[in-house]
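Undergrad:
Residue numbers (the working numbering), protein chains in the order written: chain A, 53 to 362; chain B, 9 to 260.
Structure representation (structure tokens):
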């Protein structure tokens with residue numbers, strides 16, 4: 053590996069790492085040669101691995117050599133009409149707090165472009181009622197941060213965070229939700245789709261797991277404006293359904309379930325030796341009825357939490 | 009039934025293999041977790057795994073096939089340790105699937121001493137017809153991570169995986185409200201290797217600025233073609249509590 057030290061805020065970012073061509077070099081060449089294909093002939097930028105071709109296309113609004121058209125009229129990072137809505141699960145209780153991050157990061161290859169944009173965010177409680185609703189502006193490269201530890205919120209709170217960025221694409225933003233108890237931190241990301249109509253909690257639970265230090269929790273959210281119904285099936289290694297329960301989720305509803313206590317532990321008392329997983333299906337099984345799901349593991353001995361989306 | 013020889017039915021993915029003396033690493037996958045009905049009619053699924061240490065392949069194995077009613081599982085740590093010693097490296101998953109079915113493949117790392125259980129999505133590095141728009145909607149060589157975790161005992165590490173048989177160059181950028189705070193020199197990673205970088209060490213020259221930003225700092229990895237990058241949190245006891253992938257810069 054090379055030196056892993058920071059070099060300070062260099063003003064001329066590299067665009068093509070294959071041939072070590074910087075943004076200024078390429079812009080100067082374009083001013084002199086007049087077209088991107090000519091720039092590529094001279095500098096060879098974008099002609100090896102191809103990873104920077106999209107950047108070249110956006111820099112000069114021309115299709116580079118050996119790249120397919122980017123579609124109707126081409127795309128450009130400066131285009132920002134419309135908006136993108138993202139959402140995530142927020143917990144604020146005696147065990148966990150939540151920090152939500154997004155970013156208006158401009159790719160370093162486009163250093164200097166103004167991508168300032170408006171944003172709007174809202175926190176809903178478990179019933180889908182607004183707890184807060186704010187607007188702000190996110191400057192170029194600014195990181196958005198919302199921290200339940202710094203807010204005067206009702207507790208316990210299990211809810212949904214909605215973030216609307218004032219542009220058509222995700223850019224660097226997307227959305228990371230961090231859950232922390234001060235001892236550990238875990239995070240996952242969210243985008244604007246709803247989830248899947250069928251998911252499997254991919255943690256096998258058996259008697260050995262029960263004897264171990266971990267608890268399992270499931271966060272279930274309805275991101276739609278209509279009610280959805282979930283069917284939770286405990287399935288053994290042969291695919292047999294040993295138990296089934298249902299959950300009704302009204303619009304924008306969030307629910308928090310201790311799966312180990314409510315599902316697995318009672319079942320394994322009846323079916324010793326089984327190896328169980330949990331299958332979560334929306335009824336009916338359609339994308340417009342899909343729930344957004346996260347699972348959490350809590351190590352009771354170390355107090356370390358981990359999490360992921362399903 | 010899809011043509012099993014069709015190259016677009018193969019998805020290449022890669023992940024980081026933490027030291028097998030400290031962590032177990034297992035992949036579990038349920039092909040039935042897709043948006044399509046009915047189950048069991050789309051085709052067969054399987055994957056094979058190759059494990060690398062310091063760029064050298066030290067083992068490989070494949071799962072049996074299943075359909076959407078079944079599941080696939082492989083203990084990658086055990087596969088790696090068939091060489092007779094603990095291994096710290098990376099792995100490549102060649103996932104054979106029925107086309108047009110979105111997949112989510114999880115790896116699980118369990119810290120042997122404490123039982124701490126961490127899940128991590130494995131990231132594709134060669135797209136196929138499964139995600140045809142990715143190549144034009146996303147800047148596949150520009151990866152972002154928003155925010156740092158302030159006021160906890162967690163330490164952030166960047167994990168970079170090179171699944172190609174090519175040397176790769178990349179830079180890491182720290183971005184504050186005023187623009188790029190700092191960027192590393194061009195770093196290099198050799199084929200089939202993984203490397204981890206504690207962020208405080210990577211940006212020790214602007215550590216005070218990053219601390220003053222109280223978490224409002226984002227990170228970008230710009231690379232030669234598509235390297236795979238994860239952010240990993242470790243608690244104060246140096247136990248991994250999270251590993252999640254960075255995001256492409258999305259134009260769509």
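For glycine and all other residues, C-beta sits at the position ideal for the given N, C-alpha and C.
#1: Could you tell me whether the Cβ atoms of residue 203 (chain B) and residue 190 (chain B) are closer together than 8 Å?
#2: Compute the beta-carbon to beta-carbon distance between residue 208 (chain A) and residue 144 (chain A), rounded to the nearest angstrom, for a pair I have assumed lies under 8 Å.
#3: Taking only three categories from DSSP, how would you classify residue 167 (chain A)?
#4: Quick one: what does DSSP say residue 226 (chain A) is sitting in, helix, strand or coil?
#5: Counting contacts by CB-CB distance shorter than 8 Å, is residue 167 (chain B) in contact with chain A?
#6: Give, in chain order, every unbroken run of the alpha helix (DSSP H) that is at least 4 residues long and sits entirely within the region 72-133 of chain B.
#7: In chain order, what residues of the same chain have a beta carbon less than 7 Å from the beta carbon of residue 94 (chain A), not counting five sequence neighbours either side?
#8: Rounding to the nearest angstrom, what Cα-Cα distance links residue 301 (chain A) and residue 333 (chain A) in this structure?
#9: Starting from the C-beta of residue 213 (chain A), find all residues in its chain whose C-beta is less than 6 Å away, skip the five residues before and the five after it, and write them out in chain order.
#10: Would you please verify whether the beta carbon of residue 120 (chain B) is less than 8 Å from any beta carbon of chain A?
#11: On the DSSP bridge assignment, give the partners of residue 329 (chain A) in chain order.
#12: Here's a check: name, in chain order, each residue in its chain whose Cβ is nearer than 8 Å to the Cβ of residue 179 (chain B), leaving out the five neighbours to either side.
#13: In the region 211-224 of chain B, which residues sit with their C-beta less than 9 Å from some C-beta in chain A, listed in chain order?
#14: Is the shortest distance between the beta-carbon of residue 29 (chain B) and the beta-carbons of chain A less than 8 Å?
#15: Is it right to say residue 149 (chain A) is buried, meaning 16 or more other beta carbons lie within 10 angstroms of its own, or is it exposed?
#16: From the DSSP output, which residues share a beta bridge with residue 161 (chain A)?
#17: If you draw a straight line from the alpha carbon of residue 66 (chain B) to that of residue 197 (chain A), how long is it in whole angstroms?
#18: Tell me the DSSP secondary structure of residue 139 (chain A) in three-state form.
#19: Rounding to the nearest angstrom, what Cα-Cα distance links residue 273 (chain A) and residue 114 (chain A) in this structure?
#20: Is it a yes or a no for the region 237-251 of chain B touching the region 121-134 of chain B, going by three-plus beta-carbon pairs under 8 Å?
#21: Enumerate in chain order the residues of its own chain whose CB-to-CB distance from residue 29 (chain B) is below 6 Å, with the five nearest sequence positions on each side excluded.
#22: Can you tell me where the beta strand (DSSP E) holding residue 246 (chain B) begins and where it ends?
#23: Check whether chain A comes within 8 Å of residue 175 (chain B), counting only Cβ atoms and requiring the distance to be less than that.
#24: Go to residue 201 (chain B), then tell me how far its beta strand (DSSP E) extends in each direction, as first and last residue.
#25: Less than 8 Å between the beta carbons of residue 185 (chain B) and residue 100 (chain B), yes or no?
#26: Can you find a CB in chain B that lies within less than 8 Å of the CB of residue 357 (chain A)?
#27: Report all residues from its chain with a CB closer than 6 Å to the CB of residue 155 (chain A); omit the five preceding and five following residues, and keep chain order.
#28: Report the residues of the region 82-115 of chain A with a CB closer than 9 Å to any CB of chain E, ordered along the chain.
#29: Determine the extent of the alpha helix (DSSP H) in which residue 149 (chain A) is found, giving its start and end residues.
#30: Using a cut-off of 7 Å between C-beta atoms, extract the partners of residue 234 (chain B) located in chain A.
#31: From residue 128 (chain A) to residue 84 (chain B), what does the alpha carbon distance come to, in whole angstroms?
#32: To the nearest angstrom, how far is the alpha carbon of residue 100 (chain A) from that of residue 161 (chain B)?
#33: Measure the C-alpha to C-alpha separation of residue 69 (chain B) and residue 56 (chain B) and round it to an integer number of angstroms.
#34: Which residues does DSSP pair with residue 300 (chain A) in a beta bridge?
#35: Cutting at 8 Å between CB atoms, please list the residues of its own chain near residue 81 (chain B), excluding the five before and the five after it.
#36: Can you tell me whether DSSP reads residue 50 (chain B) as helix, strand or coil?
TA: Well, looking at it:
#1: no
#2: 7 Å
#3: coil
#4: In the three-state DSSP reduction, residue 226 (chain A) falls in the coil class, being neither helix nor strand.
#5: no
#6: Positions of the alpha helix (DSSP H) runs, each at least 4 residues long and wholly inside the region 72-133 of chain B, are given as 84-88 in order along the chain.
#7: 81, 85
#8: 13 Å
#9: 140, 142, 152, 175
#10: no
#11: Under DSSP, the beta-bridge partners assigned to residue 329 (chain A) are A:287.
#12: 191, 192, 193, 194, 195, 229, 230, 231
#13: Cβ proximity to chain A below 9 Å picks out 211, 212, 213, 214, 221, 222, 223, 224 from the region 211-224 of chain B.
#14: no
#15: Taking a 10 Å sphere around the C-beta of residue 149 (chain A), we find 16 or more other C-beta atoms and assign the residue as buried.
#16: Answer is none; residue 161 (chain A) lacks a bridge partner.
#17: 43 Å
#18: In this structure, residue 139 (chain A) counts as strand in the three-state DSSP scheme.
#19: 43 Å
#20: yes
#21: 94
#22: Here residue 246 (chain B) belongs to no beta strand (DSSP E), and DSSP marks it neither H nor E.
#23: Answer no: the Cβ-Cβ gap between residue 175 (chain B) and chain A never drops below 8 Å.
#24: Residues 201-206.
#25: No; because the gap between Cβ atoms is not below 8 Å, this pair is not in contact.
#26: yes
#27: 195, 224, 225
#28: Given the protein chain composition of this structure (A and B), no chain E is represented.
#29: Run containing residue 149 (chain A): none in the alpha helix (DSSP H); it sits in the beta strand (DSSP E), 149-155.
#30: 103
#31: Because the pLDDT of residue 128 (chain A) is 36, which lies under 50, any placement of that residue in the model is unreliable, and the number read from its coordinates should be weighed accordingly. Taking the straight line from one Cα to the other gives about 42 Å.
#32: Roughly 43 Å between the two C-alpha positions.
#33: 6 Å
#34: A:281
#35: 34, 35, 36, 37, 71
#36: coil
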